[in-house]
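Protein chains in written order, with this note's numbering: chain A, 605 to 798; chain B, 1456 to 1988. Virtual Cβ for every residue (Gly too), placed ideally from N, Cα, C. To keep things clear, I will list the structure first and then write my remarks on it.
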């Protein structure tokens, strides 16, 4: 199981994790999890950012005399320590006593909890139910819901040998959830089209 | 009662009066649903049986109809099918079977309620059809298959012949084939004997199949010992190489004024002329026609007319009509053998009689002969039944009289006067029933129509005809849509006394060597097989 970061900020509906290595961010829409004793929290990566370690100090342009971008980092190795990569996760479910629940856990994630990328088997298991889609649709997030749903379903479908039936089933669920908002449905379906 | 039938959808709304609405699952294509199909609905406590009576399209959001999605993309099309857009079925439940042991034993009952919300709807299975219509046994006869099903649809013929029945349909829709099948069924499974007035010589010996020159076997070829073919046209029958059992001749003295009433329209007689018939009958007695035609002397005529107070022109018109009758070759001054007696002898022995009209297809001959014979047979049956009741003996064999072009006998103007009107209305008591075959049911008196127990109808497209066939049936408007959409050939709708619920069906095959084998009675099967080897 690949460890991708550590929780540095947590609330009931979402948490923020920092990557151990700069730029090693799990892709948008990937399913990640973090543990809190017997509780496993599942979430979807909805946002990521690489910023300066100190909020007041902005990076400055350094590459004027360098031939390649890599050269900049080689010349200033301290940069890797002065910058950090973080990603935001929207909590979409949890596992307690080996049972999966597609709704919010009773407690939020713990700070410094390790964050893992879910294996294809776990993705398959989690995506047996599409109840989590509703959480994403209703969450107020800085990225557009359509984009996030599209990315999530595309990534989940990769766990399947034949992604089409999965996407069709997901599309049908969306058609019901978004029945009052056809333009949104149309956009999402356009995003997940195999 | 678990089964592997194809699930169609779930009940979403409805009422007992109007039937229930079913939302189709996305797996069931709306294009596969056809009106007239037999379905079951699994309610919480009961199972319902019904028929699809309408199919429609629905959308979750009306905006979809204004801005249709891009369905050229198979993915989008697949996603929205059954979710944003879906098919709906209208099902009218007609029977219900309870979940507990006692109600299961009682069998299906008419519906008094509807299934609860979201009950699962499935296509009916073979078992369902058997549960409702019964299996083929010694009383039930396989008449065909419910639409789009392989299952045998069986009809209880003992039950059927207890009442008068009707077979309707536009010309060329397969009425004759259906009638043949039904008659064979009666011969096989019921105790009733048949008297068939076979206008187009189709039921006794080989008839032809419409649209081809292929010959189709008929009753006598299946049941040589049980069927006798009578003919009015000996020569014609001989030409067609039909082995006839008796040549029917009608005597003038057998024609009664009541027969003339029926012929009023075809002979173009006035009301007064018919009145005159009764006067002449009173005046001359049994031989009234001969006596009337014999008067040629003008003085004698005048004297007679004055005496009876008949107008000259009325008399002349009547004479013309009588002359038309006299020209019918099977009419003789005195019949050598009493046809009615011979027919009755056959019927008493349990032999079914097919009366072929051969060349004499014109309606005058048909009405005259059918009415005359039926009237006298009816009178004898009535007498016998009454005697049987009085003496507590067995009543005569049930008799089924088959008539074609029934609207000529049973139209509102004459239905009250003809024997067939009487039979249709009350003859069940005397063990005589009718099998009415007609293409214009709207021409039949509504009172007679309402007395028909079971009606089988092929395609009808005239609004009036459909209305008259369905008059008084519950769920009329639903059945109407089924009826109007039957295939132009070989599909029929049956409803009424002998079936627990209306069902659209495809009559069983008739005309191939295999079908002949199936129809033939088992014990003589071998001899029959030789016929078409």
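Review point. How about the segment 1711–1731 of chain B and the segment 1843–1859 of chain B: do they share at least three Cβ pairs that are nearer than 8 Å?
Key: The segment 1843–1859 of chain B and the segment 1711–1731 of chain B do not touch, with fewer than three beta-carbon pairs separated by less than 8 Å.
Point to revise | Residues of the segment 742–774 of chain A whose Cβ lies closer than 8 Å to any Cβ of chain B, in chain order | key: Flagged, chain order: 768, 771, 772.
Exercise for review: Evaluate the contact criterion for the segment 703–717 of chain A versus the segment 676–687 of chain A: three or more CB pairs, one atom per stretch, below 8 Å.
Suggested key: At 8 Å Cβ cutoff, the stretches do not touch.
**Study point:** Within-8 Å CB hit, residue 1538 of chain B to chain A
**Key:** Judged by the 8 Å Cβ criterion, residue 1538 of chain B is in contact with chain A.
Practice item. Give the residues of chain A in contact with residue 1418 of chain B, contact being defined as C-beta atoms less than 9 Å apart. Key: Nothing can be reported for residue 1418 of chain B, as the shown portion of chain B is limited to 1456 through 1988.
Check your understanding: How big is the Cα-Cα spacing for residue 659 of chain A and residue 1526 of chain B?
Key -> In a straight line, the C-alpha of residue 659 of chain A is about 50 Å away from that of residue 1526 of chain B.
Check your understanding: Which word fits residue 1961 of chain B, buried or exposed, when buried means at least 16 other C-beta atoms lie within 10 angstroms of its C-beta?
Key -> Classification of residue 1961 of chain B: buried, given that the 10 Å Cβ count is 16 or more.
Review point. Which term fits residue 1988 of chain B, buried or exposed, when burial requires 16 or more other beta carbons within 10 angstroms of its beta carbon?
Key: Only weak support is given to the placement of residue 1988 of chain B: the predicted model assigns it a pLDDT of 48, under 50, and the value that follows is read from those uncertain coordinates. Residue 1988 of chain B should be labelled exposed.
Practice item. Quick one: which residues of the segment 1498–1520 of chain B get their C-beta closer than 8 Å to a C-beta of chain A? List them in chain order. Key: Of all residues in the segment 1498–1520 of chain B, those with a C-beta nearer than 8 Å to a C-beta of chain A are 1515, 1516, 1518, 1519, reading in chain order.
Review point. In three-state DSSP terms, what is residue 1894 of chain B?
Key: If DSSP states are grouped into helix, strand and coil, residue 1894 of chain B belongs with coil.
Exercise for review: Excluding the 5 residues preceding and the 5 following residue 714 of chain A in the sequence, name in chain order all residues of the same chain whose CB lies nearer than 6 Å to its CB.
Suggested key: Excluding five sequence positions before and after residue 714 of chain A, the CB atoms of its chain that fall closer than 6 Å to its own CB belong to 640, given in chain order.
Point to revise | Any chain B beta carbon closer than 8 Å to residue 740 of chain A | key: Using beta-carbon distances, residue 740 of chain A does not count as an interface residue toward chain B, since no partner is under 8 Å.
Review point. Shorter than 8 Å from the beta carbon of residue 633 of chain A to some beta carbon of chain B?
Key: For residue 633 of chain A, not one C-beta of chain B is nearer than 8 Å to its own C-beta.
**Study point:** Within chain A, partners of residue 1465 of chain B - CB distance below 7 Å
**Key:** Within chain A, no residue comes near residue 1465 of chain B; the closest Cβ sits about 14 Å away, beyond 7 Å.
Check your understanding: Going by C-alpha distance, which of B/1553, B/1518, B/1623 is nearest residue 1939 of chain B?
Key -> Ranked by Cα distance from residue 1939 of chain B, the first of B/1553, B/1518, B/1623 is B/1623.
Practice item. Buried or exposed for residue 1866 of chain B, please, with buried defined as at least 16 other CB atoms from any protein chain shown within 10 angstroms of its CB. Key: Buried is the call here.
Exercise for review: From the DSSP output, read off the bridge partner residues of residue 1493 of chain B.
Suggested key: Its beta-bridge partners are B/1506.
Check your understanding: Which term fits residue 1762 of chain B, buried or exposed, when burial requires 16 or more other beta carbons within 10 angstroms of its beta carbon?
Key -> By the Cβ neighbour-count rule, residue 1762 of chain B is exposed, with fewer than 16 other Cβ atoms within 10 Å of its own.
Check your understanding: What is the DSSP secondary structure of residue 1787 of chain B, counted as helix, strand or coil?
Key -> If DSSP states are grouped into helix, strand and coil, residue 1787 of chain B belongs with the strands.
**Study point:** From A/671, A/673, A/695, A/743, residue whose alpha carbon lies closest to that of residue 621 of chain A
**Key:** When each option's Cα is compared against that of residue 621 of chain A, the closest is A/695.
Check your understanding: Hey, is the segment 716–730 of chain A in contact with the segment 627–641 of chain A, meaning 3+ C-beta pairs nearer than 8 Å?
Key -> Segments in contact, yes.
Exercise for review: Could you check the C-alpha separation between residue 1818 of chain B and residue 1898 of chain B for me, to the nearest Å?
Suggested key: Pairing residue 1818 of chain B with residue 1898 of chain B, the inter-Cα distance amounts to about 15 Å.
Point to revise | Cβ neighbour criterion (16 or more within 10 Å) applied to residue 1549 of chain B | key: The residue in question, residue 1549 of chain B, is buried, as its Cβ has 16 or more Cβ neighbours within 10 Å.
Exercise for review: Please confirm if residue 737 of chain A has its CB atom under 8 Å from at least one CB of chain C.
Suggested key: The displayed structure is made up of protein chains A and B, and chain C is not among them.
Check your understanding: Is there contact here, the segment 1489–1503 of chain B with the segment 1579–1593 of chain B, by at least three beta-carbon pairs under 8 Å?
Key -> Taking 8 Å as the limit for Cβ pairs, the verdict is that the segment 1579–1593 of chain B does touch the segment 1489–1503 of chain B.
Practice item. Could you tell me which chain A residues have their CB closer than 9 Å to the CB of residue 1541 of chain B, listed as they occur along the chain? Key: Within 9 Å Cβ-Cβ: nothing; residue 1541 of chain B doesn't reach chain A, min ~10 Å.
Practice item. Could you tell me whether the segment 1736–1755 of chain B touches the segment 1692–1699 of chain B, using the rule of 3 or more Cβ pairs below 8 Å? Key: Two segments are said to touch when three or more pairs of C-beta atoms, one from each, lie closer than 8 Å; by this definition the segment 1736–1755 of chain B does not touch the segment 1692–1699 of chain B.
**Study point:** Contact with chain A by residue 1523 of chain B, beta-carbon distance below 8 Å
**Key:** Not an interface residue.
Exercise for review: Compare the C-beta of residue 1530 of chain B with all C-beta atoms of chain A and state if any pair is closer than 8 Å.
Suggested key: Cβ-Cβ to chain A under 8 Å: yes for residue 1530 of chain B.
Exercise for review: Compute the distance between the beta-carbons of residue 1632 of chain B and residue 772 of chain A, then report whether it is under 8 Å.
Suggested key: Cβ atoms of residue 1632 of chain B and residue 772 of chain A: not closer than 8 Å.
Check your understanding: In whole angstroms, what is the alpha-carbon distance linking residue 1457 of chain B and residue 1583 of chain B?
Key -> Legend: pLDDT at residue 1457 of chain B = 41, less than 50; position of this residue unreliable, value from coordinates given subsequently. Near 11 Å, if we compare the C-alpha coordinates of residue 1583 of chain B and residue 1457 of chain B.
Exercise for review: Return no unless some Cβ of chain A is closer than 8 Å to the Cβ of residue 1534 of chain B.
Suggested key: Chain A has a Cβ within less than 8 Å of the Cβ of residue 1534 of chain B.
Check your understanding: Quick one, are the C-beta atoms of residue 1893 of chain B and residue 1918 of chain B less than 8 Å apart?
Key -> Their beta carbons are not under 8 Å apart, which means residue 1893 of chain B does not touch residue 1918 of chain B by this criterion.
Practice item. Over the uninterrupted beta strand (DSSP E) stretch that includes residue 1544 of chain B, give me the two end residues. Key: For residue 1544 of chain B, the enclosing beta strand (DSSP E) begins and ends at 1540–1553.
Review point. What residues from chain B crowd round residue 783 of chain A, counting only those whose CB sits closer than 9 Å?
Key: Chain B residues near residue 783 of chain A: 1515, 1516, 1538, 1539.
Check your understanding: Using the C-alpha atoms, what's the distance from residue 619 of chain A back to residue 733 of chain A?
Key -> Each residue's alpha carbon lies about 22 Å from the other.
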